[in-house]
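Undergrad:
Numbering (the working numbering), first residue to last: -18 to 356.
#1: Sort out for me which residues DSSP pairs residue 367 with in a bridge.
#2: By Cβ distance, which residues of its chain are closer than 8 angstroms to residue 130, with the 5 residues on each side in sequence left out?
#3: Report all residues from its chain with a CB closer than 6 angstroms to the CB of residue 43; omit the five preceding and five following residues, and keep chain order.
#4: So the alpha helix (DSSP H) residue 170 belongs to, where does it begin and stop?
#5: Decide if residue 306 is buried, meaning its Cβ has at least 16 other Cβ atoms within 10 Å, or exposed.
#6: Excluding the 5 residues preceding and the 5 following residue 123 in the sequence, name in chain order all residues of the same chain whose CB lies nearer than 7 angstroms to its CB.
#7: When DSSP labels each residue in this structure, what does residue 63 get in the three-state scheme?
#8: Could you pull the start and end residues of the alpha helix (DSSP H) that residue 323 belongs to?
#9: Report back the beta-carbon spacing between residue 341 and residue 275 to the nearest angstrom; my notes put them in contact at under 8 angstroms.
#10: Check this for me: beta carbons of residue 192 and residue 200, under 8 angstroms apart or not?
#11: Under a three-way DSSP split, which group does residue 257 fall into?
#12: For a minimum of 3 consecutive residues, which ranges assigned as the beta strand (DSSP E) are wholly contained in the region 69 to 120?
#13: Let's test the definition: count the other Cβ atoms within 10 Å of the Cβ of residue 19 and tell me whether it reaches 16, buried, or not, exposed.
#14: What does DSSP give as the partner residue(s) for residue 0 in the beta ladder?
#15: Quick one: residues in its chain with C-beta nearer than 6 angstroms to the C-beta of residue 170, no 5 flanking neighbours on either side, listed in chain order?
#16: Going by DSSP, what residue range makes up the beta strand (DSSP E) through residue 444?
#17: Let me check one thing: in DSSP terms, what residues is residue 291 bridge-paired to?
#18: Going by DSSP, name the residue or residues bridged to residue 300.
#19: Does the separation of the CB atoms of residue 180 and residue 172 fall below 8 angstroms?
#20: Note down the Cα distance separating residue 88 from residue 48, rounded to an integer number of angstroms.
#21: Please name the residue in -2, -3, 95, 329 whose C-alpha comes closest to that of residue 252.
#22: Is it a yes or a no for the region 264 to 273 touching the region 224 to 240, going by three-plus beta-carbon pairs under 8 angstroms?
#23: Would residue 268 be called buried (16 or more neighbouring beta carbons within 10 Å of its own) or exposed?
#24: For residue 151, report the span of its beta strand (DSSP E) as first-last.
#25: Go ahead and pull the three-state DSSP assignment for residue 35.
#26: Return the residue from the list 91, 223, 285, 291 that minimises the CA-CA distance to residue 255.
#27: Return the Cβ separation of residue 84 and residue 99 in integer angstroms, given the expectation that the two are a contact with Cβ distance under 8 angstroms.
#28: Just to confirm before moving on: does the CB-CB distance between residue 300 and residue 263 stay below 8 angstroms?
#29: Out of curiosity, what's the CA-to-CA distance linking residue 16 and residue 96?
#30: Out of curiosity, what's the CA-to-CA distance linking residue -11 and residue -4?
#31: When DSSP builds the beta bridges, which residues end up paired with residue 234?
#32: Any idea if residue 317 is buried or exposed, counting beta-carbon neighbours within 10 angstroms, 16 or more meaning buried?
Below, the structure is given as structure tokens:
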């Protein structure tokens, strides 16, 4: 388990470049010569396709990593699992670097980026029971030991987000299955499923979703992975990664997200998608709309970026009822004029913007009334 000071970044069977421990605990990156000729910029603003050794501007916000690589690291639940597994293997967490953590991710991370040489901590698993795993997740979150930690790590050690989740094959396709966190009600799976169905009715692109059965409640929320297409991996990067900004401190407005969408995708249709999603988040009281909850996919065959399908849509509480991403500078209860001001700044057709706003509001009020009426 010796740690390497240099690891290779790979995608689509090709070497993308090299990560190496550098000065001031920052991790340097350089593209591979062949990738420079035939590849693409994996994070266009921070890592343009140039023959250069790139260093992050500072150690923060990603502990010396560029955002696109920080996206590969598990956080929240996934980081808890990785830390527990490292401790079980006799490793001191204070001595573990992010290069080591990327090596643990290996080829199991979100998106298309892989890291070699990989460090294998996961064990082989056989047969799973969702209800048992949900209880094991609860035990771990409460600081207790779990006999299923090997299984949970093998199935979800590279996952992000606060809620426990596993990666699982369903009908030979890759899915994510979520379990309740410590403070979630047992019906959280049904709620997220209802939100996903409502979002689709609102015209928002969503990956396929299902509600998987449980013996104890209405079911577990499952969604097909949009960074996998049959056997292929799709490169993805979050807004947090693209803009090199932490998602833990609110620092964005939706008009910035729309500017970013236009700059990256060159498409007003994609900007309109972001506007529609903004409307949904407002009316459905999804206030956990931080920069890691928006992502972009790179379609390699078309040499084109596009907005990823929406994800993590659910009713969410927040400090003071504030959105993580403001709407025309307003974080709490933005008005219709605030919404349309954002549309105007994005140079969207105002008649179409009003139509989208009213349509989304009506559908959300009808379909999600039981969740939002007590707000």
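Yeah, the Cβ is synthetic: ideal placement off N, Cα and C, and Gly gets one too. Computed from a predicted structure; not experimentally measured.
TA: Quick look at the numbers:
#1: Any question about residue 367 goes unanswered here, given that the chain covers just -18 to 356.
#2: 62, 65, 66, 69, 117, 121
#3: 51
#4: 169 to 182
#5: buried
#6: 163
#7: helix
#8: 317 to 326
#9: Contact flag wrong, Cβ pair sits at about 17 angstroms.
#10: yes
#11: helix
#12: 95 to 97
#13: exposed
#14: -12, 10
#15: 200, 201, 202
#16: With the chain represented from -18 up to 356, any question about residue 444 goes unanswered, as that position is not in the structure.
#17: 187
#18: Its beta-bridge partners do not exist; DSSP assigns none.
#19: no
#20: 18 angstroms
#21: 329
#22: yes
#23: buried
#24: 146 to 151
#25: strand
#26: 291
#27: 6 angstroms
#28: no
#29: 16 angstroms
#30: 7 angstroms
#31: 307
#32: exposed
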